[in-house]
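Working notes for the structure below.
In the UniProt record's numbering, the protein residues as written are 1 to 459.
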């Protein structure tokens, strides 16, 4: 922080701002109240020295803010340096590094960085040629200059190679899984032309998808031979065997070449291996999370698998034909009744006894329209699959209802004094009955107690 402030003060010696309002301490400042002034020197030698000094200040300001991870200020310092000297390879390299250093940088920042690095490389190549042709330097000074230019060229080429490799890798992935995770974007004509130009330059720089830097910092490419290059080399060896009369070796190599070409053709027709969204790797989870996709959601996983299946299926003409037939069958099945679906399946010879709902009949009909044999196999597998008793839950519910009704009926019989007589006993609250031999059922039941009655109020 202190270093950046000191470099800003140093640059302010030759470029500063002056306020035009004397009362600026008592109110806010507007742009029209500020005058930008500068001193560029009064002689060519002084102007050259001042420009070199300001260029060094701007570059050091950019480096200071770069270390503080203040990317915007660091990039602005590089922009000021390039306004001062557009041929500064140091400013171009530093701005490219600042563009791709943030974790949030995207393809636009990467493409801009590649443009800066390509320009810096061109400038360094020209500077190296000019330094080699100079006669005003002694051997030691010339060696130091060439060594410095070589180190800078090595750094530029190393970063440029890495960014080109990443861009080429991104294009390969976009081609394989285009549209699966991409957000909608709109480009104007200039943006499209610029991207096409960048693609053409990448195609020249990277002869195949296996190109990568040989080692960090060397700036050179080691193109790992792809399958086509290996087959071409093997064919050259085969021609050499035939020319030298080695028929046995030539026959073995010819057989191996045929098998390799067949495998390569099969791999190209099948496309890249499918992605397992139900068991995603950490890289897949991170990429999906950055794009706002939840791979833990079963509905999202089902949708991604369906998209991947459609993409792999439409990679061949046969797959595209199957897709068209499936879509037409879906539209037709949506307008059919259950009876029509059953009749159509019978006409196709597909058993449907395992289907319980109209949706299952629709799915089976669509599958039969695409591939009858596959539909028959699916129907056979569904018929063999064990199925739970359909009335198991209903039986359990009926048992509970019957038990509850029985208990409720017993309770009501008990509270209404009907359960006792039914069981041959007394109802609750009744006095014990006298033995039948000790009471007169006609006289004892309702005989009034005249002795206990008070007759006073009757007279």
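The beta carbon of each residue, even a glycine, is placed where N, CA and C say it ideally should be. Note that this is a predicted model, so its numbers are computed, not measured.
Beta-bridge partners of residue i, as assigned by DSSP
| i | result |
| --- | --- |
| residue 34 | 19 |
With 16 other Cβ atoms within 10 Å as the buried cut-off, status of residue i
| i | result |
| --- | --- |
| residue 37 | exposed |
| residue 398 | exposed |
| residue 296 | exposed |
| residue 9 | exposed |
| residue 34 | exposed |
| residue 408 | exposed |
| residue 116 | buried |
| residue 66 | buried |
| residue 81 | buried |
| residue 350 | buried |
| residue 238 | buried |
| residue 156 | buried |
| residue 230 | exposed |
| residue 345 | buried |
| residue 159 | buried |
| residue 299 | exposed |
| residue 167 | buried |
| residue 289 | exposed |
| residue 410 | exposed |
| residue 20 | exposed |
| residue 54 | buried |
| residue 304 | buried |
| residue 267 | exposed |
| residue 380 | exposed |
| residue 64 | buried |
Secondary structure of residue i, DSSP reduced to three states
| i | result |
| --- | --- |
| residue 14 | coil |
| residue 101 | coil |
| residue 122 | helix |
| residue 69 | coil |
| residue 39 | coil |
| residue 355 | coil |
| residue 417 | coil |
| residue 349 | coil |
| residue 134 | coil |
| residue 277 | coil |
| residue 334 | helix |
| residue 295 | coil |
| residue 82 | helix |
| residue 29 | coil |
| residue 361 | helix |
| residue 139 | helix |
| residue 148 | helix |
| residue 88 | coil |
| residue 244 | coil |
| residue 4 | helix |
| residue 258 | helix |
Pairwise C-alpha distance: residue j and residue i
| i | j | result |
| --- | --- | --- |
| residue 334 | residue 374 | 21 Å |
| residue 59 | residue 286 | 35 Å |
| residue 12 | residue 75 | 18 Å |
| residue 24 | residue 18 | 11 Å |
| residue 187 | residue 153 | For residue 187, the pLDDT reaches just 47, beneath the cut-off of 50, and the residue's location in the model is therefore unreliable, although a value from the coordinates is still provided. Each residue's Cα considered, the two are about 34 Å apart. |
| residue 261 | residue 245 | 24 Å |
| residue 4 | residue 100 | 22 Å |
| residue 110 | residue 30 | 37 Å |
| residue 6 | residue 128 | 33 Å |
| residue 126 | residue 98 | 24 Å |
| residue 164 | residue 241 | 39 Å |
| residue 255 | residue 263 | 13 Å |
| residue 47 | residue 136 | 23 Å |
| residue 130 | residue 292 | 52 Å |
| residue 112 | residue 96 | 7 Å |
| residue 259 | residue 317 | 24 Å |
| residue 324 | residue 308 | 16 Å |
| residue 414 | residue 363 | 58 Å |
| residue 27 | residue 15 | 24 Å |
| residue 283 | residue 228 | 29 Å |
| residue 121 | residue 148 | 14 Å |
| residue 337 | residue 169 | 50 Å |
| residue 52 | residue 107 | 33 Å |
| residue 322 | residue 236 | 41 Å |
Integer Cβ distance of residue i from residue j, believed to fall under 8 Å
| i | j | result |
| --- | --- | --- |
| residue 89 | residue 145 | About 14 Å separates the two Cβ atoms, so there is no contact after all. |
| residue 326 | residue 366 | 6 Å |
| residue 94 | residue 62 | 5 Å |
| residue 329 | residue 355 | In fact, because the Cβ distance is near 16 Å, the residues do not count as touching under 8 Å. |
| residue 530 | residue 119 | Because residue 530 is not part of the residues shown, which for the chain are 1 to 459, the question remains open. |
| residue 361 | residue 341 | 4 Å |
| residue 234 | residue 257 | 6 Å |
| residue 50 | residue 42 | Wrong, their Cβ atoms sit about 10 Å apart, outside the cutoff. |
| residue 71 | residue 102 | 6 Å |
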